[in-house]
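Per the working numbering, residue 514 is the first one in the sequence shown, and the count goes up by one each step.
Virtual Cβ for every residue (Gly too), placed ideally from N, Cα, C.
A quick note: this is a predicted structure, and the numbers were derived from the prediction, not measured.
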Amino acid sequence: MNKNESSSRYGPLVGAIDEGTSSARFLVFAADTAEVLTYHQVSISQSCPKEGWVEQDPIEILQAVRECLNQTIFNLRQLTIDPSDIVAVGITNQRETTVVWDSITGEPLYNAIVWMDMRTTSIVDDILRKIRNQNKNYLKPLCGLPISPYFSALKLKWLLENVPRVREALDQKRCLFGTIDSWLIWNLTGGTNFGVHATDVTNASRTMLMNITTLKWDPTLLSFFNIPPEILPEIRSSSEIYGYIQDDILSGVPISGCLGDQQSALVGQMCLQKGHAKSTYGTGCFLLYNTGTAIVDSSHGLLTTVAYQLGPQATPVYALEGSVAIAGAVIQWLKDNLGILSDIKESESLVEQIPTDNRVTFVPAFAGLYAPYWRKDARSVICGITEDTNSTHIIKAALQAVCFQTRDILEAMKEDTGLILSKLLVDGAMTTNNLLMQMQADICGIPVVRPLMCETTALGVAIAAGNADGIRKWDVKIDAAVPSDTFLPSITENERDILYSQWKMAIDRSLGWEPVTDTNDDTKNIHKATAPGIFVISTILLLMIAKYHSML
514 MNKNESSSRY GPLVGAIDEG TSSARFLVFA ADTAEVLTYH QVSISQSCPK EGWVEQDPIE
574 ILQAVRECLN QTIFNLRQLT IDPSDIVAVG ITNQRETTVV WDSITGEPLY NAIVWMDMRT
634 TSIVDDILRK IRNQNKNYLK PLCGLPISPY FSALKLKWLL ENVPRVREAL DQKRCLFGTI
694 DSWLIWNLTG GTNFGVHATD VTNASRTMLM NITTLKWDPT LLSFFNIPPE ILPEIRSSSE
754 IYGYIQDDIL SGVPISGCLG DQQSALVGQM CLQKGHAKST YGTGCFLLYN TGTAIVDSSH
814 GLLTTVAYQL GPQATPVYAL EGSVAIAGAV IQWLKDNLGI LSDIKESESL VEQIPTDNRV
874 TFVPAFAGLY APYWRKDARS VICGITEDTN STHIIKAALQ AVCFQTRDIL EAMKEDTGLI
934 LSKLLVDGAM TTNNLLMQMQ ADICGIPVVR PLMCETTALG VAIAAGNADG IRKWDVKIDA
994 AVPSDTFLPS ITENERDILY SQWKMAIDRS LGWEPVTDTN DDTKNIHKAT APGIFVISTI
1054 LLLMIAKYHS ML
């Protein structure tokens, strides 16, 4: 029987590797129905060797993916489903996270530098000082992105300049660079034995090295960051056969889809027409607005990115994106650092017990502020604490912060496009919290629509993989209806405006906390030193409140 044919009661199956910031998963979909038949998930750890640094072990990531593949295949057999019915596999991944490895040994030359890592702040400052008016959008006409520590080019530049092993491997012509998708594709298709070194247009568009128009590595950008082109992966479309898996598990199955996680969620939500938008709530929060084949330049702090290219000859589709660094990460912080919360679902039951007139506002700028502000000097603040404040008020303010940041992006999109969204499509782990979804509808003033099938990120790349030339087992209908739940606004416009104005005041108070190191003006240094002092005092107060609350 041909590999692309299937006698399974479910028809042809498509696998999706979903490698996120906190975990790896492998899901198997029935191509005929988009039903998830089984999956397996493995957590992935992070390390923070210095303040603002966030790293992951590339070997741990690869092992987690392989464990997911093995366990999911075991699950299929337990369900009496033949794993040979899997006709294709797609990969979706955390974007911007940067890996460099040795092409001869296959070993990473350094830990993966995660997208939220801030170590390149000083490099960004040095670059901006050399640009007229310190214009962070200087390269935006070429790559669609502001100069920011967020993107891969700065992380790669740091590695080349600061890690001797990387420099040595480069000199010996054995250094390879890639985002997580490239690392996985290379290893799964053979690694040191002729593994495929490639990426797709969506991941490449997040490096600051790809020309947003030509979809090629841009010589001007490479020269600007001093990046040697020979270490870069080949850029391909999001839907084509990259190569074939060489592992014992799924050996010979084509990898035929690749999308950055947020673009994959856009496809999985069937936002395939101009004017469609979705917001994904994970470690961060990312809102993408489909602009069709037009490259729209934002003057309000949004990114121009590639949404998808479903085939080598297909016309690329673009998007405006608003990126929020801290969403689910703030819940993790409340759990791990303050110990006042166990998980996202507990936050729902706790917050429902407090009055609705809570006026505590929390700006979780742990890694600065991303869209639409792009202020790396911002730091977290909590405003409005009174003697009646307890830990549950802080939890509620943290949830509201996710919603306020989403509204910030919607306001920027309205300014850029002139369009007011009639509804907001949502997905991601945090959307299981009904209270959060209701808050989002209230704060934005529009219906929030959550699909009943929550695995939209994995679904998107499964669609891309199953629809590739040589596979063609997934029929893409751009106007397909998606079964969903809808949350309607329940507060007045006046109440909404009051809440949002308090948020904007808190944003103002979060700015300018980065210490000044290059000025002789002692007055400025005194003012800059005041903010961290206030932060220390307020943090101690917060911890005392949390401890007192836990004793009740």
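> Buried or exposed: which applies to S560, given that a residue is buried once 16 or more other Cβ atoms fall within 10 Å of its Cβ?
Replying inline: exposed
>> Quick check: what's the CA-CA separation for D684 versus V613?
In response: Taking the CA atoms as reference points, D684 sits about 14 Å from V613.
> Is K791 close to chain C, meaning its C-beta is less than 7 Å from at least one C-beta of that chain?
Replying inline: Given the protein chain composition of this structure (a single chain), no chain C is represented.
> So L779 and S751 are in contact, right, with Cβ under 8 Å, and what is the actual spacing, rounded?
Replying inline: Contact doesn't hold; Cβ gap of about 11 Å is too wide.
> How about N606: is its Cβ closer than 6 Å to a heavy atom in the ligand FAD?
Replying inline: Absent from the structure shown: the ligand FAD. Ligands present: none.
>> My output table needs one value for R632: the three-state DSSP class, helix, strand or coil.
In response: coil
> Does the Cβ of P677 have 16 or more other Cβ atoms within 10 Å, making it buried, or fewer, making it exposed?
Replying inline: exposed
> Anyone know if the C-beta pair for T634 and N588 falls short of 7 Å?
Replying inline: In terms of Cβ geometry, T634 and N588 do not form a close pair [threshold 7 Å].
> In or out: L1001 buried (at least 16 other Cβ within 10 Å) or exposed?
Replying inline: Counting Cβ neighbours within 10 Å, L1001 comes out exposed, since fewer than 16 surround it.
>> Does the structure place the segment 787-803 close enough to the segment 833-840 that three or more beta carbon pairs sit under 8 Å?
In response: yes
> Using DSSP with H/G/I as helix, E/B as strand and the rest coil, what is W730?
Replying inline: strand
> Mind pulling the beta strand (DSSP E) runs of 3 or more residues that sit fully within the segment 945-976?
Replying inline: When DSSP assignments are scanned along the segment 945-976, the uninterrupted stretches of beta strand (DSSP E) that are 3 or more residues long and fall wholly within it turn out to be 961-964.
> Which two residues bound the contiguous beta strand (DSSP E) that contains L745?
Replying inline: Per DSSP, L745 lies in no beta strand (DSSP E) and is assigned neither H nor E.
> Helix, strand or coil: how does DSSP classify Y1013 here?
Replying inline: helix
> Are the CB atoms of I908 and L863 nearer to each other than 7 Å?
Replying inline: yes
> Looking at I744 and C688, is the spacing between their C-beta atoms short of 7 Å?
Replying inline: yes
> Considering Q822, what are the terminal residues of the alpha helix (DSSP H) in which it resides?
Replying inline: Note, Q822: premise wrong, no alpha helix (DSSP H); not H, not E.
> Exposed or buried, which one is K858 when buried takes at least 16 other CB atoms within 10 Å?
Replying inline: exposed
>> Please tell me whether V602 and G528 are closer than 7 Å, where the distance is taken between their beta carbons.
In response: yes
> Does DSSP put K858 in a helix, a strand or coil?
Replying inline: helix
> Do you know whose CA, among I867, A911, D901, P885, lies nearest L851's CA?
Replying inline: A911
> Distance, Cα to Cα, D940 vs A842?
Replying inline: 16 Å
> Taking the C-alpha atoms as reference points, what is the distance between G565 and W846?
Replying inline: 14 Å
> Which one of L934, S997, K686, S935 has the shortest CA to CA distance from V962?
Replying inline: S997
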